[in-house]
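Right, one structure below, let's go through it.
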Amino acid sequence: MTRRAVPLSPEIRALLAAARELLDGPGYLVGGSLRDLLLGRAPADLDLAVAGPSPGRTPAFARALADRLGGHFVLLDEERGTARIVLDEGAVRIIDVARLRGDIESDLAQRDFTIDAIAAPIDALVAGDTVELIDPASGLRDLRSRTVRLVAEQALVDDPLRLLRAVRIAAQLDFAIDRATAEALRRHAGRIGDVAAERIRDELARCLATPRAAQALRLLDSLGLLDLLLPEVTAGRGVEQPKEHHWDVLGHAFEAVAALDFLLAEEEPSGRRERSFRRALWDALAVEPGLRAHLAVEVSEGRSRATLLKLAGLLHDVAKPQTRAPDATGRIRFFGHAELGAETARAVLRRLRFSRREADLVALMVEEHLRPGQLGATDTEPPTRRALFRFYRDTGDAAESILLLSLADALAARGPRMDLDRWRGHAAYVAHVLTRRREEETIARPQRLLTGDEIMAALAIGPGPAVGRLLDALEEAQADGEVASHDEALAFARRLHEREPALAAAGGRA
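Numbering (my numbering), first residue to last: 16 to 525.
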């Protein structure tokens, strides 16, 4: 045993005190929650292991603790004696309770990684900050050396999801996976096919949610896991791009995610060049607080817009291998890769059991990732109101994510050849598009001046696609300032219908 200080917040101490009062045998704080406390990180959940004469005794304790704390009791596995308490308030929202498998040493020996195979007695934690830790697998040593190490290789056989969990923990904590563990992960990589798609989805999303998502993806690739999980992505390995690109297609995908890690990081980067690029970005994006709040919004089951943006960054060029072809001059092109990539991205997310809303959002980001650079503007010639209207109409609440993806794409394309002045131009351009939307909400959502019924009555036409196209053209003209009243809108619709029927049929586009 090793005596160590385990600093507890008043909230966690109170939760553990409530647990101690209800225990009729030994109980321990274990797993990732204790590991995070030892690293000085605030855990979002607590893992308790408690002794009990039977599996049913542990859920009974958890139910009593849930009642005491005003939380919600969830039975996870009655046979194994596992349960969950969900709390509505506080920094800690989840308390997982499991029955000890044998004594505490035997229980810890069956865990996956040494840094999560440490235990602290609950009564000692409540009594004071310094406690005798139970550490049979030398997890404290690995915490000091910042190493992810298996307790035993059998852990990968018992639950192959641990293949992904090793990578996620390494990326989350910025730890290294030790050599023997990495070799075991490679040997057992094929077992990932035995894991339910929903569990793979959740662990992959957790990898992307870390500040080092690109590091996680490169680790998955080096361990042979990415080929099995996302063969559509690794098909880009060795697919060369025009000279404007510093990396092949797969390398560019990794770098795009790395750029998003960089753009979204809350901590100041350490390198001088990185600090200059970050400062240039956020000096331009004066809307940073609102943008961060937008990206933090959950889309589905704990997965945020920021997480899905990184997934779109990984997939944005996924169709380049299929669309690579030389044009008439011999230059390599990837015509249609955004549209085909959107279809591929949607198929990938469906295979991994993401929700339809998530699949639609990521597919839209992939399909429109080139759009910000095609608004018909330069750094000195901003896009027209009509171009902005079309962009925001077509991209909806994915617009901000698509703009950030375009920044990451540009940064990843040029790599170390991106100079600060060029980067400032990209950042200023995106900032202009974002601020114009906020300054002039009518660009994104103009109040309609005519209804479909009014158009049909005025033009003596029946319902059909032509009415919708006229309404679209009218909204564009309104966004561009060409029409501003009901009468002007009516006159515009008549002109479009009577004098330019072909243009009307095309929705106002020549």
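Think of the CB as a built atom: it goes at the ideal place given N, C-alpha and C, for glycine as much as any other residue. Note that this is a predicted model, so its numbers are computed, not measured.
Three-state secondary structure assigned by DSSP to residue i
{"i": "Leu148", "result": "strand"}
{"i": "Leu90", "result": "strand"}
{"i": "Ala521", "result": "Because the pLDDT of Ala521 is 46, which lies under 50, any placement of that residue in the model is unreliable, and the question is left without a value."}
{"i": "Leu355", "result": "helix"}
{"i": "Val254", "result": "coil"}
{"i": "Val333", "result": "coil"}
{"i": "Ala195", "result": "helix"}
{"i": "Arg346", "result": "coil"}
{"i": "Asp189", "result": "coil"}
{"i": "Asp51", "result": "helix"}
{"i": "Arg114", "result": "strand"}
{"i": "Pro175", "result": "coil"}
{"i": "Ala274", "result": "helix"}
{"i": "Ala340", "result": "strand"}
{"i": "Val264", "result": "helix"}
{"i": "Phe369", "result": "coil"}
{"i": "Leu468", "result": "Correcting the residue type first, residue 468 is Asp in the shown sequence and not Leu. Asp468 falls in the helix class under three-state DSSP."}
{"i": "Arg452", "result": "helix"}
{"i": "Pro22", "result": "coil"}
{"i": "Gln462", "result": "coil"}
{"i": "His441", "result": "helix"}
{"i": "Gly143", "result": "coil"}
{"i": "Leu200", "result": "helix"}
{"i": "His384", "result": "coil"}
{"i": "Val498", "result": "coil"}
{"i": "Pro74", "result": "helix"}
{"i": "Asp434", "result": "coil"}
{"i": "Gly328", "result": "helix"}
{"i": "Ser291", "result": "helix"}
{"i": "Ala475", "result": "coil"}
{"i": "Ala280", "result": "coil"}
Continuous beta strand (DSSP E) stretch holding residue i: start and end
{"i": "Gly42", "result": "42 to 45"}
{"i": "Glu313", "result": "313 to 315"}
{"i": "Pro25", "result": "No beta strand (DSSP E) contains Pro25, which is instead part of the alpha helix (DSSP H) from 25 to 37."}
Anticipated Cβ contact below 8 Å, residue i with residue j, distance rounded
{"i": "Val314", "j": "Arg372", "result": "6 Å"}
{"i": "Ala271", "j": "His331", "result": "6 Å"}
{"i": "Pro175", "j": "His203", "result": "7 Å"}
{"i": "Glu26", "j": "Ala106", "result": "6 Å"}
{"i": "Leu23", "j": "Leu140", "result": "6 Å"}
{"i": "Ala9", "j": "Ala186", "result": "Nothing can be reported for residue 9: it is not among the residues displayed for the chain, which extend from 16 to 525."}
{"i": "Gly96", "j": "Gly67", "result": "7 Å"}
{"i": "Ala135", "j": "Val21", "result": "6 Å"}
{"i": "Arg214", "j": "Leu238", "result": "Not a contact, Cβ separation roughly 18 Å."}
{"i": "Leu511", "j": "Leu485", "result": "6 Å"}
{"i": "Leu158", "j": "Leu53", "result": "6 Å"}
{"i": "Ser319", "j": "Ala311", "result": "6 Å"}
{"i": "His384", "j": "Ala334", "result": "With 8 Å as the limit, His384 and Ala334 do not qualify as a contact, their Cβ atoms being about 11 Å apart."}
{"i": "Ile110", "j": "Leu63", "result": "7 Å"}
{"i": "Ile119", "j": "Ile149", "result": "6 Å"}
{"i": "Leu235", "j": "Val172", "result": "Contact flag wrong, Cβ pair sits at about 20 Å."}
{"i": "Phe404", "j": "Glu497", "result": "Between Glu497 and Phe404 the Cβ distance is about 11 Å, and since that is not below 8 Å, they are no contact."}
{"i": "Asp263", "j": "Glu255", "result": "6 Å"}
{"i": "Leu474", "j": "Arg509", "result": "7 Å"}
Residue i - partner residues in DSSP beta bridges
{"i": "Leu80", "result": "None, per the DSSP bridge assignment."}
{"i": "Ser319", "result": "Glu313"}
{"i": "Pro136", "result": "Tyr43"}
{"i": "Leu165", "result": "Phe128"}
{"i": "Gln17", "result": "In the sequence under discussion, the amino acid at residue 17 is Thr, which differs from the Gln named in the question. Leu148."}
{"i": "Ile109", "result": "Asp60, Val101"}
Start-to-end residues for the alpha helix (DSSP H) that takes in residue i
{"i": "Leu235", "result": "228 to 237"}
{"i": "Leu63", "result": "It is not in any alpha helix (DSSP H) - Leu63 instead sits in the beta strand (DSSP E) that spans 60 to 65."}
{"i": "Thr97", "result": "Looking at the DSSP string, Thr97 is not in any alpha helix (DSSP H); the run it does join, the beta strand (DSSP E), is 97 to 101."}
{"i": "Arg400", "result": "400 to 410"}
{"i": "Arg221", "result": "212 to 224"}
{"i": "Thr249", "result": "246 to 249"}
{"i": "Leu489", "result": "480 to 494"}
{"i": "Glu415", "result": "414 to 429"}
{"i": "Ser160", "result": "154 to 160"}
Do the region 280 to 296 and the region 331 to 351 touch if we need at least three Cβ pairs shorter than 8 Å? Contact fails between the region 280 to 296 and the region 331 to 351, because fewer than three Cβ pairs, one in each stretch, are under 8 Å apart.
Can at least three beta-carbon pairs, one atom from the region 162 to 172 and one from the region 208 to 215, be found at a separation below 8 Å? no
Do the region 84 to 93 and the region 43 to 57 meet, that is, are 3 or more Cβ pairs less than 8 Å apart? no
Say whether the region 418 to 430 touches the region 349 to 362, bearing in mind that this needs 3 or more beta-carbon pairs closer than 8 Å, one atom from each stretch. no
For the region 320 to 328 against the region 429 to 436, do three or more pairs of beta-carbon atoms, one drawn from each stretch, fall closer than 8 Å, so that the two count as touching? no
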